[in-house]
Amino acid sequence: MENGGGMATIVLVHGILGVGSELFPTHALPIRPVVDYFNGVKVHLEKSGIGVMAPTTPPLQAIEDRGKLLAQSLDSLPAGRVDIIAHSMGGLDARFVLHRYPDIAQRITSLTTIGTPHRGSAVADMVRSGTNALYDLAPAFLTRQIGALTDLTTARAQAFNEKTPDAGGVHYMNIAGVAPMNSQQLLLQLAAEIGKLSGANDGVVLRSSALYDKHEHLDDWPVDHFGEIGWASWRGGLSVQASDFYPDQHLERYNTLLAKIWSLPAR
1314 MENGGGMATI
1324 VLVHGILGVG
1334 SELFPTHALP
1344 IRPVVDYFNG
1354 VKVHLEKSGI
1364 GVMAPTTPPL
1374 QAIEDRGKLL
1384 AQSLDSLPAG
1394 RVDIIAHSMG
1404 GLDARFVLHR
1414 YPDIAQRITS
1424 LTTIGTPHRG
1434 SAVADMVRSG
1444 TNALYDLAPA
1454 FLTRQIGALT
1464 DLTTARAQAF
1474 NEKTPDAGGV
1484 HYMNIAGVAP
1494 MNSQQLLLQL
1504 AAEIGKLSGA
1514 NDGVVLRSSA
1524 LYDKHEHLDD
1534 WPVDHFGEIG
1544 WASWRGGLSV
1554 QASDFYPDQH
1564 LERYNTLLAK
1574 IWSLPAR
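Numbering-wise (the working numbering), the sequence shown opens with residue 1314 and increments by one.
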């Protein structure tokens, strides 16, 4: 898809414990991950003639560290329109980049966050409070490697929001996942119990946290946190079906999102 003097580009930004299109982006030879974090979205968009970048950031490091590496990847953006779709913590990484790096922000038309804990996560609060003793004993270089556990707490999220205003000229949009409890995978059921989530949520992030006051709110997605990236449906047994990998109108939801993105005027 040609737009603004070059191919339109979508940047897919993964969340905590995720990976982009390469396991080790600085390695001389590309090493592809076994699991596609956004589950077919990159290939689906590329078939439509859209350029897609899927950078890799450290899985558990702090927002600032992840954001700096994301910015390095975005330094090589091609000519033309650029829009970002970010999942979970990736939305915070992208917000950091757009605030901290104005030269990159001026190239970006929109940022859409999906299941991003803009106000932090009660799950992170519980995990972090349960590991205080370990943090106190661990050396600083080690705690920095798992800084995400602190950055995703509600207290740290408030501080992040205060010092990270939105970049002018970028259109910010949010999507929340809201899934029935009986559709959530075991991990997310446990996460909801650990975090004592009350109110609509995706098993990890409350709807009220995923929808930031200063952003445009799009329709909720009826899936859990994994379903937001296409991993919503699993069956018992050893057999595999196509529906296991593209469940519940996964790609159709991204098509709808893309139509919304294209309705915005390019920078």
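Backbone N, C-alpha and C fix where the C-beta goes; we use that ideal spot for every residue, glycine too.
Exposure of residue i, with buried meaning 16 or more beta-carbon neighbours within 10 Å
| i | result |
| --- | --- |
| Arg-1566 | buried |
| Lys-1527 | exposed |
| Arg-1345 | exposed |
| Gly-1333 | buried |
| Ser-1423 | buried |
| Gly-1362 | exposed |
| Gly-1481 | exposed |
| Pro-1493 | exposed |
| Ser-1552 | Reliability of the predicted coordinates at Ser-1552 is poor, the pLDDT of 49 falling under 50, and the value obtained from them is presented with this limitation in mind. So Ser-1552 ends up on the exposed side. |
| Ser-1389 | exposed |
| Ala-1468 | exposed |
| Leu-1519 | buried |
| Leu-1501 | buried |
| Gln-1554 | Note on Gln-1554: pLDDT 47, under 50, position unreliable in the model; the coordinate value appears next. Gln-1554 is exposed by the Cβ-count criterion. |
Close-in-space but distant-in-sequence residues of the same chain around residue i (CB under 8 Å, 5 per side omitted)
| i | result |
| --- | --- |
| Ala-1384 | Val-1410, Arg-1413, Tyr-1414 and Ile-1417 |
| Leu-1524 | His-1431, Asn-1487, Ala-1489 and His-1530 |
| Met-1439 | Ile-1507, Gly-1508 and Lys-1509 |
| Gln-1562 | none |
Own chain partners of residue i with C-beta closer than 7 Å, once the 5 adjacent residues on each side are dropped
| i | result |
| --- | --- |
| Lys-1573 | Leu-1531 |
| Pro-1452 | Any reading at Pro-1452 must be qualified, since the residue scores a pLDDT of 47, below 50, and its modelled position is unreliable; the value itself is stated next. Counting only Cβ-Cβ distances below 7 Å, and skipping sequence neighbours, we find nothing. |
Supposed contact pair residue j and residue i - C-beta distance, whole angstroms, cut 8 Å
| i | j | result |
| --- | --- | --- |
| Ala-1435 | Gly-1508 | 4 Å |
| Gly-1490 | Met-1402 | Between Met-1402 and Gly-1490 the Cβ distance is about 14 Å, and since that is not below 8 Å, they are no contact. |
| Leu-1330 | Pro-1372 | 5 Å |
| Val-1517 | His-1538 | 4 Å |
| Gly-1353 | Gly-1543 | 6 Å |
| Thr-1370 | Leu-1387 | Wrong, their Cβ atoms sit about 11 Å apart, outside the cutoff. |
| Ala-1437 | Leu-1405 | The Cβ separation is near 12 Å, so there is no contact. |
Spatial distance of residue i from residue j (CA atoms)
| i | j | result |
| --- | --- | --- |
| Gly-1380 | Ser-1511 | 30 Å |
| His-1357 | Val-1326 | 16 Å |
| Met-1320 | Gln-1471 | 37 Å |
| Leu-1577 | Lys-1355 | 21 Å |
| Thr-1426 | Ala-1579 | 18 Å |
| Arg-1408 | Thr-1477 | 7 Å |
| Ala-1513 | Ser-1522 | 10 Å |
| Arg-1420 | Thr-1429 | 22 Å |
| Asn-1474 | Gly-1433 | 10 Å |
| Thr-1322 | Leu-1570 | 14 Å |
| Val-1395 | Val-1348 | 25 Å |
| Glu-1359 | Ala-1399 | 17 Å |
| Asp-1479 | Val-1536 | 27 Å |
| Asn-1568 | Pro-1368 | 21 Å |
| Glu-1335 | Gly-1364 | 16 Å |
| Asp-1533 | Thr-1466 | 23 Å |
| Asp-1378 | Trp-1575 | 31 Å |
Residue i - partner residues in DSSP beta bridges
| i | result |
| --- | --- |
| Thr-1529 | Note that residue 1529 corresponds to Glu in the displayed sequence, not to Thr. Looking at the DSSP assignment, Glu-1529 forms a beta bridge with Met-1486. |
| Thr-1426 | Ala-1399 and Asn-1487 |
| Met-1366 | Val-1324 |
| Asn-1514 | Leu-1519 |
| Trp-1534 | Gly-1490 |
| Ile-1542 | BP columns for Ile-1542 are empty, so no partner. |
| Ile-1421 | Val-1395 |
Residues of its chain near residue i, where Cβ-Cβ distance is below 6 Å and the 5 sequence neighbours each way are ignored
| i | result |
| --- | --- |
| Gly-1549 | Any reading at Gly-1549 needs caution, since the residue's pLDDT is 47, under 50, leaving its predicted position unreliable; the model's value is listed next. Correct list: empty, nothing qualifies. |
| Leu-1618 | In the structure as shown, the chain starts at 1314 and stops at 1580, and residue 1618 therefore has no counterpart that could be examined. |
| Asp-1464 | Ala-1375 and Ile-1376 |
| Val-1303 | No answer is possible for residue 1303: the residues shown for the chain start at 1314 and end at 1580. |
| Ala-1504 | Val-1436, Gly-1516 and Val-1517 |
| Phe-1351 | Leu-1325 and Ile-1542 |
CB contact below 8 Å: residue i versus chain B
| i | result |
| --- | --- |
| Thr-1569 | Considering every chain present, this structure includes no chain B. It has just one protein chain. |
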